[in-house]
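Some notes on the structure that comes next.
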Amino acid sequence: MSDDYLARIGRLIRDARQHRGWSQAHLGEALGTSQSAVNRIERGNQNISLEMIARIGEALDSEIVSLGYSGPMHLRVVGGRRLSGAIDVKTSKNACVALLCASLLTSGRTVLRRVARIEEVFRLLEVLSSIGVRTRWINEGRDLEIVPPAELDLAGMDEDAARRTRSIIMFLGPLLHRMDQFRIPYAGGCDLGTRSVEPHMQALRRFGLSVAATDGAYHAVVDRSVRPDRPIVLTERGDTVTENALLAAARHDGVTVIRNASSNYMVQDLCFFLERLGVRVEGVGTTTLTVHGVRDIDVDVDYSPSEDPVEAMSLIAAAVVTGSELTVRRVPAEFLDIELAVLEEMGLDHDRGSEYRADNGRTRLVDITVRPSKLEAPIDKIHPMPFPGLNIDNVPFFAAIAATAHGSTLIHDWVYDNRAIYLTDLNRLGGRLQLLDPHRVLVEGSTRWRAAEMMCPPALRPAVVVLLAMMAAEGTSVLRNVYVINRGYEDLAARLNSIGAQIETFRDI
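When we follow my numbering, the leftmost residue of the sequence shown carries the number 902, and every step to the right adds one.
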């Protein structure tokens, strides 16, 4: 077989395996071969017989392998339908990826409950499996078990998977405890412009980590004699920066003070997880964290990450944009207080139920019912701030919401270099959005949405915003190549269909 044909077959096998929620090791076990052999097959680096292709198709219960059709996934949306009923919020994508990285801190077994089965998680599982970590879905695929090896095989890392996720940067914190020298690929993920990794490096240098970025990789060296001797002040109150500092401090056998820390939802979940490992963290929910580290951690841990406030905002926005009455259950409202206050100012008609605890025992949840409302543009601009401000990832949803409101709304997305540009894709669907500069968009409402066929924006939240507008538009729309949505949402189309949407997934044959 030609190299190109082998690579195409490898991609088909990889996509089918990931859709099943299996790791490379899991598929290797089902085939009676090794994880490294599966890795070579998926890379197109190993000849493969028709018999083996058939065996793989049978193991994965996937006709996609045996029929041999491929290509990106698309969505066909019949819009203008009202949503109704109730829908539960899934667990947090960003918390799950942080906890997967944190599982490298312990020599014991980690079980994460109700893990989001999304592409971002699958990419990290690919990386973990390729370096020797045993991962498997348990309890009918609801939960995830992670067991690290005594020694990690970083030379075997699946670099293709690593480059497709920004979360790989959070391997730096755990790995500096385990290896004196190591290499990881540049972080990838959404196309949101340049996000500097320098704040990460500034924090981790205090633990003896020095990094040279060359040849598409970070080359790290650890000086064990260097220890943080004064509080670490983060130059950016970023979520992943704070998480990396926490991961580094967790196995520093002393007290580490982290100032200007993020107190956002995924950081709090990571702190709660570290406490289960025996690491005491003071100041959770504030911008100063005091970490009492433990040099060696050999603990079995069972943890339930909390629900995702950004997915909750997505579902609330879906109800608003489609003019529907919908109950969104298990909403972590403490991380949506500002968003809900802005929506209330705009005239949203909604009710909140009584508070109750998430499965982690700490995060407060509520059920929220949204009803059709006549919205007015907010007086102030919409702009993100670190928690407890309006969440950076929730800003794009206000573009679609503002387009349904009467009046003009200024949206200032100051964090990312070019995400605001993708919001103007709503103009293809009848929106009236004017790009003032790479960070500011003026939205004119109200909008009469119209159906269209278009490519999916390469950034997660703007892509979902386009999907929501298609759901509101009369007629049939097509959104092509929705891989980026699958990075952050589990079975989003099917779940929206369960509450009244009409969305069909398909591929080009």
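All C-beta atoms in this analysis are idealised placements derived from N, C-alpha and C, irrespective of residue type, glycine included.
Reduced DSSP category for residue i - H, G, I as helix; E, B as strand; rest coil
i, result
"residue 1249", "coil"
"residue 1086", "strand"
"residue 1294", "helix"
"residue 968", "Confidence is the limiting factor: at residue 968 the pLDDT is only 42, short of 50, which leaves the residue's position unreliable, though a coordinate-based value still follows. Three-state DSSP puts residue 968 in a helix."
"residue 1018", "coil"
"residue 1208", "strand"
"residue 947", "coil"
"residue 1375", "strand"
"residue 1384", "helix"
"residue 988", "strand"
"residue 1135", "coil"
"residue 927", "helix"
"residue 1141", "helix"
"residue 1037", "strand"
"residue 1117", "coil"
"residue 1029", "helix"
"residue 937", "helix"
"residue 1393", "helix"
"residue 1013", "strand"
"residue 1400", "coil"
Rounded C-alpha distance that separates residue i from residue j
i, j, result
"residue 1186", "residue 998", "19 Å"
"residue 1070", "residue 1376", "42 Å"
"residue 1041", "residue 1226", "32 Å"
"residue 1030", "residue 1110", "25 Å"
"residue 1382", "residue 1181", "44 Å"
"residue 1331", "residue 1351", "5 Å"
"residue 1409", "residue 1363", "23 Å"
"residue 1287", "residue 1211", "14 Å"
"residue 1083", "residue 1113", "11 Å"
"residue 937", "residue 1051", "18 Å"
"residue 1397", "residue 1229", "12 Å"
"residue 1399", "residue 1250", "23 Å"
"residue 1321", "residue 930", "45 Å"
"residue 909", "residue 1054", "27 Å"
"residue 1272", "residue 1046", "40 Å"
"residue 1194", "residue 1310", "47 Å"
"residue 1167", "residue 1317", "19 Å"
"residue 1108", "residue 1387", "36 Å"
"residue 1334", "residue 1259", "38 Å"
"residue 1289", "residue 1177", "25 Å"
"residue 966", "residue 1140", "Only weak support is given to the placement of residue 966: the predicted model assigns it a pLDDT of 43, under 50, and the value that follows is read from those uncertain coordinates. Roughly 39 Å between the two C-alpha positions."
"residue 1135", "residue 1164", "13 Å"
"residue 1123", "residue 1394", "45 Å"
"residue 1032", "residue 1293", "33 Å"
"residue 1285", "residue 1296", "7 Å"
"residue 934", "residue 955", "15 Å"
C-beta atoms of residue i and residue j nearer than 8 Å
i, j, result
"residue 1199", "residue 1007", "yes"
"residue 1101", "residue 1142", "yes"
"residue 1219", "residue 984", "yes"
"residue 942", "residue 988", "no"
"residue 1256", "residue 1233", "no"
"residue 918", "residue 928", "yes"
"residue 1248", "residue 1275", "yes"
"residue 976", "residue 1404", "yes"
"residue 1019", "residue 1390", "yes"
"residue 1190", "residue 1214", "no"
"residue 1118", "residue 1086", "yes"
"residue 1305", "residue 1222", "yes"
"residue 1372", "residue 1380", "no"
"residue 1246", "residue 1291", "no"
"residue 1341", "residue 1307", "no"
"residue 996", "residue 1206", "yes"
"residue 907", "residue 958", "no"
"residue 1013", "residue 1044", "yes"
"residue 1300", "residue 1344", "yes"
"residue 960", "residue 932", "yes"
"residue 1202", "residue 1009", "yes"
"residue 992", "residue 1015", "yes"
"residue 948", "residue 925", "no"
ask   = Any chance the region 1058–1070 sits against the region 1127–1139, with 3 or more Cβ pairs inside 8 Å?
value = No, they do not touch.
message = Quick test of the definition: if touching needs 3 or more C-beta pairs under 8 Å, does the region 1160–1179 touch the region 1136–1150?
response = The region 1160–1179 makes contact with the region 1136–1150; the number of CB pairs closer than 8 Å reaches 3 or more.
inquiry  = Quick test of the definition: if touching needs 3 or more C-beta pairs under 8 Å, does the region 1150–1163 touch the region 1195–1209?
reply    = Output reads yes: the region 1195–1209 touches the region 1150–1163.
task = Go through the region 1266–1329 residue by residue and report every complete run of the beta strand (DSSP E) that reaches 3 residues or more, in order.
result = Entirely contained in the region 1266–1329, the beta strand (DSSP E) runs reaching 3 residues are, in chain order, 1308–1313.
ask   = Does the region 1352–1360 come within contact of the region 1315–1335, defined as at least 3 CB pairs closer than 8 Å?
value = In short, these stretches touch, since the Cβ pair count reaches three.
inquiry  = With three or more C-beta pairs closer than 8 Å as the rule, is the region 1259–1273 touching the region 1020–1034?
reply    = Contact between the region 1020–1034 and the region 1259–1273 is absent, because fewer than three Cβ pairs lie under 8 Å.
task = For the region 1044–1085, list the beta strand (DSSP E) runs that are entirely contained and at least 3 residues long, ordered along the chain.
result = Fully enclosed beta strand (DSSP E) runs of 3 or longer: 1044–1048.
query = Curious, which full-length alpha helix (DSSP H) runs of at least 4 residues does the region 1149–1235 contain?
reply = Under the rule that a run must span 4 or more residues, the alpha helix (DSSP H) segments found entirely inside the region 1149–1235 read 1166–1177, 1210–1222.
Complete beta strand (DSSP E) runs within the region 1327–1358 (minimum length 3 residues, chain order) = Counting only runs that start and end inside the region 1327–1358, the beta strand (DSSP E) elements of at least 3 residues fall at 1333–1338, 1341–1346, 1354–1356.
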